[in-house]
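Under our numbering, the first residue of the sequence shown is numbered 374, with each subsequent residue one higher.
All residues carry an ideal CB built from backbone N, CA and C; glycine is no exception.
The structure presented is a predicted model; accordingly, all values stated were derived computationally and were not measured.
Report on the following structure.
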Amino acid sequence: MDVDLALLADTKGFLHPDEGRRLYELALEAGKLGPCLEVGSYCGKSTVWLGAACRQNGTVLFSIDHHRGSAEQQPGEPYFDPELFDPRTFRIDTFPFFRATLARAGLEDTVVALVCSSQLAARHWTTPLGLVFIDGSHDFQSVRQDYRMWSRHLPAGGYLLFHDVFPDPADGGRGPYQVYREAISRGQYDVLPMTGCLGILRRRP
Ligand SMILES: C[S@@+](CC[C@H](N)C(=O)[O-])C[C@H]1O[C@@H](n2cnc3c(N)ncnc32)[C@H](O)[C@@H]1O
Numbered sequence: 374m375d376v377d378l379a380l381l382a383d384t385k386g387f388l389h390p391d392e393g394r395r396l397y398e399l400a401l402e403a404g405k406l407g408p409c410l411e412v413g414s415y416c417g418k419s420t421v422w423l424g425a426a427c428r429q430n431g432t433v434l435f436s437i438d439h440h441r442g443s444a445e446q447q448p449g450e451p452y453f454d455p456e457l458f459d460p461r462t463f464r465i466d467t468f469p470f471f472r473a474t475l476a477r478a479g480l481e482d483t484v485v486a487l488v489c490s491s492q493l494a495a496r497h498w499t500t501p502l503g504l505v506f507i508d509g510s511h512d513f514q515s516v517r518q519d520y521r522m523w524s525r526h527l528p529a530g531g532y533l534l535f536h537d538v539f540p541d542p543a544d545g546g547r548g549p550y551q552v553y554r555e556a557i558s559r560g561q562y563d564v565l566p567m568t569g570c571l572g573i574l575r576r577r578p
């Protein structure tokens, strides 16, 4: 596994190393079906894990983020990080951090950075995907929209992954959990055991 753990420890983000390792394993398997895609690059933590597997497979990772931060990352909100605030534009800008992570991880020839909204990236998308990791805005409507826009590109065997799936409301927000349950209820996916708060579904034939 060619993943720089020191770099990961030094990269801002919310992903537990166990979840990262699982992302890596799943992306390694999914690469046989097609490229991988994530919604929510932030500073590149999940990108390093997914990207390392894609590099090993000789495929690519599409990583989507407008880099303006989610609602909870704005000034005054619980996940605001002043280092990510650009005083010239008075907006969050995680793209320089993301770009530095890609360079340090040696992933510039593997990761296609799409600096735009998930909705815009999806508008003309036609490429089948081996794996979709949803970790953008966490409110119910946004997660549901990401699920609906991107899961349609998964072939049989493809993985649909949600971050921050909390079955117990005491542990966190409801959006990802509710959409994860909705996806399961449609009967198109096998449910694999979760790793931390990473929900893992595999598309049935
Ligand atoms: C929780 S962070 C992602 C964390 C990242 N996966 C990691 O491992 O560190 C969510 C990111 O989603 C991005 N985001 C939120 N809504 C988005 C949208 N509609 N389109 C693209 N990116 C979005 C935010 O800018 C933010 O960087």
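Is the beta carbon of residue i less than 7 Å from the beta carbon of residue j?
| i | j | result |
| --- | --- | --- |
| residue 449 | residue 415 | no |
| residue 526 | residue 508 | no |
| residue 533 | residue 574 | yes |
| residue 549 | residue 538 | yes |
| residue 399 | residue 419 | no |
| residue 552 | residue 505 | no |
| residue 376 | residue 425 | yes |
| residue 333 | residue 393 | Residue 333 lies beyond the residue range present for the chain, which begins at 374 and ends at 578; the question has no answer from this structure. |
| residue 546 | residue 391 | no |
Would you identify the three-state DSSP class for residue i, choosing helix, strand or coil?
| i | result |
| --- | --- |
| residue 395 | helix |
| residue 376 | coil |
| residue 411 | strand |
| residue 544 | helix |
| residue 350 | This structure cannot speak to residue 350, because the chain is shown only from 374 to 578. |
| residue 577 | coil |
| residue 401 | helix |
| residue 565 | strand |
| residue 381 | helix |
Compare the C-alpha of residue i against each of the options and name the closest.
| i | options | result |
| --- | --- | --- |
| residue 489 | 455, 460, 437 and 519 | 437 |
| residue 428 | 409, 442, 393 and 443 | 409 |
| residue 558 | 539, 545 and 576 | 576 |
| residue 531 | 383, 407 and 380 | 407 |
| residue 431 | 391, 480 and 418 | 480 |
| residue 578 | 513, 569, 561 and 467 | 561 |
| residue 456 | 510, 487, 378 and 384 | 384 |
| residue 469 | 439, 375 and 500 | 439 |
| residue 403 | 503, 466 and 435 | 503 |
I want to check one thing, is the minimum distance from the CB of residue i to the heavy atoms of ligand 1 below 6 Å?
| i | result |
| --- | --- |
| residue 520 | no |
| residue 490 | yes |
| residue 458 | no |
| residue 439 | yes |
| residue 387 | yes |
| residue 443 | yes |
| residue 546 | no |
| residue 419 | yes |
| residue 569 | no |
| residue 415 | yes |
Return yes when the C-beta of residue i is under 6 Å from any heavy atom of ligand 3, and no when it is not.
| i | result |
| --- | --- |
| residue 510 | Ligand 3 is not among the ligands present in this structure, which contains only ligand 1. |
Would residue i pass as an interface residue toward chain C - the criterion being a Cβ-Cβ separation below 7 Å?
| i | result |
| --- | --- |
| residue 472 | The chain labelled as chain C is not found in the depicted structure, where only one protein chain is given. |
Can you list the beta strand (DSSP E) stretches of 3 or more residues lying completely in the segment 481-542, in chain order? With a minimum length of 3 residues, the continuous beta strand (DSSP E) runs that stay inside the segment 481-542 are 484-487, 504-507 and 532-535.
Could you name each continuous alpha helix (DSSP H) segment of 4 residues or more that falls completely within the segment 413-476, going from the start of the chain to the end? 418-430
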